[in-house]
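>
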């Protein structure tokens, strides 16, 4: 499976991907970062988040944060008004009125969704 197929599979499954990037070498000059960037993009596109861990303590903290977040999230849904005979990717944008970075709250969402084919 290549990267594009993995992204499409995650988007079609409506999966939220959380990535923990274990960094054995802290100096980026000594490691290949292409895989890291792919995980970061996959996490962001699916509405998830990524964490770096350079020690077991940071690894434990990343798992704790993911667990906390999964217990304290809200799900919003809507049904598109236009139906289609083909499966298409549609981008979405979500914002919350009155919420700023300094408030401690944030809205994170996936980049879009695939429409379900419909028989007319």
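In the numbering used here, the protein residues as written are 365 to 484.
No residue lacks a Cβ here, since even glycine has one placed at the ideal position from N, Cα and C.
Nothing here was measured: the structure is a model prediction, and the numbers come from that model.
1. Alpha carbons only, please: which of 446, 382, 432, 398 is nearest the one belonging to residue 411?
2. If you check the beta carbons only, do residue 367 and residue 402 fall under 8 angstroms apart?
3. For the putative contact between residue 370 and residue 406, defined by C-beta atoms under 8 angstroms, what is the C-beta separation to the nearest angstrom?
4. Quick check on DSSP: helix, strand or coil for residue 478?
5. Closest to residue 413 by CA distance: which of 458, 404, 454 is it?
If we stick to the structure as given:
1. 382
2. yes
3. Their Cβ separation, rounded to whole angstroms, is 7 angstroms, which keeps residue 370 and residue 406 in contact under 8 angstroms.
4. strand
5. 404
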